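Residue numbers (this note's numbering): 11 to 274.
Just so you know, even glycine gets a beta-carbon here, dropped at the ideal spot from N, CA and C.
What you are looking at is a predicted structure, and each value in this text was computed from that prediction instead of being measured.
Comments concern the structure below.
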């Protein structure tokens, strides 16, 4: 049983406030990018004309997942539901999408949007991604978008993901990782935790935690942020990064496309 932690509280409050103000993206200001840059045009076109759903991601796990009709999909930290809605369209009426999130305000928004979009194959459950309210061996594909870095117990997240996946199941994640250890001041900043920075770990540690619980064929592909995005995030989170010489700060933290599999 996962117990609430100060980090959970900070993250929950941060995202509750963002959904109330319709702010998007995982961090303060625009630490990631907008939906039109995250997702290909053909995927965005699956939403009804004029429909907007707030995104809090840093990538496109939907394209990475290569979803098929009839699959059961689980979204870890589903937020306002955007990736769930894309997934629901791709798996069709014979498939199912489950979104898990710990923030009531996010769940309320996601359920309203699902009803408005007429999606009957998606449901949203309240819970921690470290203690998933999902039965073992029932999910074909797990997706997640800029969320696992927020967890104070990532090893438990990966263990739970492995538990609920069917044998042969796939994990497809967009998340924030680091190139080298973060400065201690950054790791201790709660605003940086909520902003998807302080909780990020080195890519090799990310891979190691996944392999330790049984995942195989783990792949991590970096996607670096542009200078403007990095500068805005550092200013908004009031982070001092003197430890990084020259241009190193612009590659210290990056988005990554991550895939892995549960063996048959």
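Reduced DSSP category for residue i - H, G, I as helix; E, B as strand; rest coil
i: residue 218; result: helix
i: residue 144; result: coil
i: residue 77; result: coil
i: residue 119; result: helix
i: residue 159; result: helix
i: residue 268; result: strand
i: residue 165; result: helix
i: residue 3; result: Beyond the ends of the chain as shown, which are 11 and 274, falls residue 3; an answer cannot be given.
i: residue 29; result: helix
i: residue 44; result: The predicted model places residue 44 with a pLDDT of 48, which falls under 50 and marks its position as unreliable, so this point remains unresolved.
i: residue 232; result: strand
i: residue 134; result: strand
i: residue 212; result: strand
i: residue 70; result: coil
i: residue 21; result: helix
i: residue 52; result: helix
i: residue 183; result: strand
i: residue 114; result: helix
i: residue 191; result: coil
i: residue 16; result: helix
i: residue 127; result: helix
i: residue 101; result: helix
i: residue 174; result: helix
Residues of its chain near residue i, where Cβ-Cβ distance is below 6 angstroms and the 5 sequence neighbours each way are ignored
i: residue 160; result: 21 and 209
i: residue 94; result: 85, 88, 107, 109 and 132
i: residue 49; result: 70
i: residue 162; result: 15 and 17
i: residue 182; result: 71, 74, 75, 153 and 269
i: residue 168; result: 219, 220 and 223
Residues near residue i by beta carbon distance below 8 angstroms, same chain, minus five either side
i: residue 145; result: 174
i: residue 80; result: 101, 102, 104 and 105
i: residue 296; result: No statement about residue 296 is possible, as the shown extent of the chain runs from 11 to 274 and does not include it.
Other residues of its chain near residue i: CB distance less than 7 angstroms, five sequence neighbours each side excluded
i: residue 112; result: 18, 22, 136, 137 and 138
i: residue 30; result: 115
i: residue 267; result: 69, 74, 184, 231 and 233
Rounded separation between residue i and residue j - CA only
i: residue 16; j: residue 214; result: 26 angstroms
i: residue 170; j: residue 141; result: 7 angstroms
i: residue 147; j: residue 178; result: 10 angstroms
i: residue 217; j: residue 119; result: 33 angstroms
i: residue 262; j: residue 187; result: 9 angstroms
i: residue 36; j: residue 176; result: Residue placement at residue 36 cannot be trusted, given a pLDDT of 48 that sits under 50; the coordinates are not used to answer.
i: residue 129; j: residue 90; result: 14 angstroms
i: residue 166; j: residue 77; result: 25 angstroms
i: residue 150; j: residue 191; result: 33 angstroms
i: residue 211; j: residue 134; result: 28 angstroms
Residue-level contact to chain B via CB, residue i, 8 angstroms cutoff
i: residue 146; result: The chain labelled as chain B is not found in the depicted structure, where only one protein chain is given.
Any non-hydrogen atom of the ligand COA closer than 7 angstroms to residue i Cβ
i: residue 265; result: Absent from the structure shown: the ligand COA. Ligands present: none.
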